[in-house]
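J.: One structure follows; several queries about it will come next.
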Amino acid sequence: MRTAILFPLFVPIASLKGIGPRMTPLYKRLVGEHVVNLLWHLPSGVIDRSYMPKLKYADRDRIATLILTIVEHSPPKKPKLPYRIVGIDDTDQVVITYFNVKGDYLSNLYPTNRKVAVSGFLERYKANWAMNHPDYVVPAERAAEIPRFEPVYPM
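Take a look at the structure:
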């Protein structure tokens, strides 16, 4: 026997706003049939974005958040080639690469001669710093909007 205050936790998950008939089977498979099951659906890991080095002192193969000045855009000459953007900080440069991008989306996202904050996996490629498809890109003055720690859930 449970108290009446707990009854809302044991209603079907489909009773929550935003979970309709199409999404109900997916949520049931992921977490269970009742609202209380959402409370026990815990993260399986965390992404740490608090690492904010200068490129000269950065560690390779690590998630990093960088403040960069965008200096160059290199759109692909053929549709299958990557779009490359060169950004610099006070110490070095990084090549940001996107695959399969259309239109002037990246020109607006990365304005030339402006500072942006990017966060993603920083690696070395042919003796240069590289970041492919950063997870976050915001103007430098909004860098605080990039979450420092992100939970990772199963599935």
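Numbering (this note's numbering), first residue to last: 1 to 155.
In this text, a Cβ means the ideal position worked out from N, Cα and C, and glycines have one as well.
Out of K102, I47, T91, which has the shortest C-alpha to C-alpha gap to S119?
T.: I47
J.: Where does S107 fall in DSSP's three states?
T.: helix
J.: Just verifying my parser: in three-state terms, what is the DSSP assignment at A58?
T.: coil
J.: Using only alpha-carbon positions, find the residue among P139, A127, N132, D59 that is nearest to P82.
T.: Of the candidates P139, A127, N132, D59, the one whose C-alpha sits nearest the C-alpha of P82 is N132.
J.: What did DSSP end up calling E141 once you bin it into helix, strand or coil?
T.: helix
J.: Roughly how many angstroms lie between the CA atoms of E145 and A117, to the nearest whole one?
T.: 10 angstroms
J.: By a C-beta neighbour count over all protein chains shown, 10 Å radius and 16 as the cutoff for buried, is L6 buried or exposed?
T.: exposed
J.: Could you give the DSSP three-state label for S44: helix, strand or coil?
T.: coil
J.: Any chance the segment 72-86 sits against the segment 29-48, with 3 or more Cβ pairs inside 8 angstroms?
T.: no
J.: Residues in its own chain within less than 8 angstroms of P139 by CB, not counting five upstream and five downstream?
T.: Within its own chain, the residues whose Cβ lies closer than 8 angstroms to the Cβ of P139, once the five positions on either side in sequence are excluded, are R114, K115, V116, A117, listed in chain order.
J.: May I have the straight-line CA-CA distance separating E72 from D104, to the nearest angstrom?
T.: Each residue's alpha carbon lies about 14 angstroms from the other.
J.: Exposed or buried, P154, counting other C-beta atoms within 10 Å across all chains shown (16 or more means buried)?
T.: exposed
J.: Counting beta carbon pairs with one atom in the segment 26-43 and one in the segment 86-93, are three or more of them shorter than 8 angstroms?
T.: Contact between the segment 86-93 and the segment 26-43 is absent, because fewer than three Cβ pairs lie under 8 angstroms.
J.: Spatial neighbours of S75 within its chain, please: CB distance less than 7 angstroms, with the 5 preceding and 5 following residues excluded, ordered by chain position.
T.: For the record, residue 75 in the displayed sequence is Pro; it is not Ser. Answer for P75: Y83, listed in chain order.
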